[in-house]
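Working notes, beginning with the structure itself.
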């Protein structure tokens with residue numbers, strides 16, 4: 001696959017669930033392309049975004065099958081950005097992120 005982000009025949013099942021949240025999803029996103037992920041609650045939108053951002057399976061355990069193409073510097077901002085910040089000041093938030101990535105001072 002020659003793309004910015006992509007998945008081919010992606011299936012994701014969380015271990016406590018009998019059925020997969022995503023079943024054989026194929027998607028290709030080119031650099032600069034704008035994409036809308038739309039669906040009802042529980043349809044797997046956040047799961048797909050978490051896979052494309054590298055959160056699943058890196059930080060969240062799940063049974064994942066299929067091929068995924070990720071870029072090294074991909075980030076995601078979920079629906080409620082206030083719940084994603086830990087610190088009260090911008091410089092503290094940036095330092096926290098860099099410390100978690102073991103970036104030397």
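Numbering (the UniProt record's numbering), first residue to last: 1 to 105.
We put the CB at the ideal spot given by N, CA and C, even for glycine.
| query | result |
| --- | --- |
| Nearest-angstrom Cα distance between residue 26 and residue 67? | 9 Å |
| So, under 8 Å CB-CB, residue 22 and residue 48 are touching, yes? Tell me the CB distance rounded to an integer number of Å. | 6 Å |
| Since residue 62 and residue 4 should fall inside the 8 Å C-beta cutoff, what is the C-beta to C-beta distance between them, to a whole number of angstroms? | Actually they are not in contact, since the Cβ atoms of residue 62 and residue 4 sit about 23 Å apart, beyond 8 Å. |
| Contact check, residue 64 vs residue 56 under 8 Å by CB: the rounded distance? | 7 Å |
| So, using beta-carbon positions, are residue 30 and residue 10 closer together than 9 Å? | no |
| Per DSSP, which residues does residue 64 bridge with? Please list them. | 12 |
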